[in-house]
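Below is one structure, written out as structure tokens; the observations come after it.
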Amino acid sequence: DEGRTYFEVTVPMHREHVLAEAGAMMSAGRAADALGPLRRAFARQPGFLDLTGCLVQCEIELGHIEAARAALRIFSQNIHLEDSQDQPWPFFTAARMLIERRQRDEALAVLDEMPEVRMWTSAHLQHALLVRDAGDLYGSYPLFELVHSFSQRADVLAQFAETKLRIAEDFT
């Protein structure tokens with residue numbers, strides 16, 4: 472890689488520096504320039520949420536869906552135990568980006584590959600919403616039902632009711 476300096480080759484950049492640089496490049500529309508440093512940092516430290524999220528965003532932005540999914544699988548195998556409840560968020564980010572690009576089948580595949588871990592109520596709700604937004608109305612129903620079983624929040628009830636209504640409309 473001719474764009475790397477002697478210093479970068481001998482002393483790898485700190486993860487936070489890579490993230491700051493990648494964020495600036497991606498904001499400037501230079502995702503392709505951010506990809507190399509992100510991949511190198513991820514290869515050294517694959518268990519960090521922020522690094523994984525940024526890499527996955529960059530990969531999807533550039534149309535590298537399989538590379539993004541591979542990064543998510545590697546991340547799942549290397550996540551730090553104390554962060555395990557936050558593990559779904561890079562998967563959610565990937566799914567949301569794919570839904571926005573009208574790649575709903577890919578979004579559902581990403582969500583299907585997400586390991587089962589303990590999640591906060593907000594993460595369960597996000598999962599249900601993404602499955603529904605990806606077009607799997609019937610697959611989202613049991614997820615909304617699960618969230619509703621342990622949370623009586625108004626937003627949860629509203630989303631659950633909306634899903635029930637959409638399923639009922641599907642029968643008529």
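Numbering-wise, the sequence shown is residues 472 to 643 according to our numbering. C-beta atoms are modelled at their ideal positions from N, C-alpha and C, and glycine is treated no differently. Quick caveat: nothing in here was measured; it's all calculated off a predicted structure.
Distance between GLU577 and ARG540, taken at the CA atoms: about 9 Å. By the beta-carbon neighbour count (other beta carbons within 10 angstroms, threshold 16), THR523 is buried. In this structure, the straight-line span from the alpha carbon of ARG624 to that of ASP604 is close to 20 Å. One alpha carbon belongs to ALA503, the other to ARG510, and they sit about 11 Å apart. Three or more Cβ pairs closer than 8 Å define a contact, and the segment 560-574 meets that threshold against the segment 526-538. Around the beta-carbon of PRO613, fewer than 16 other beta-carbon atoms lie within 10 Å, marking it exposed.
Taking C-beta separations shorter than 6 Å and ignoring five residues to either side along the sequence, the partners of PRO586 in its chain run SER547, following chain order. A residue is called buried when at least 16 other Cβ atoms come within 10 angstroms of its Cβ; THR564 meets this threshold and is buried. Boundaries of the alpha helix (DSSP H) around VAL527: 520-532.
For ASP576, the enclosing alpha helix (DSSP H) has its first and last residue at 575-584.
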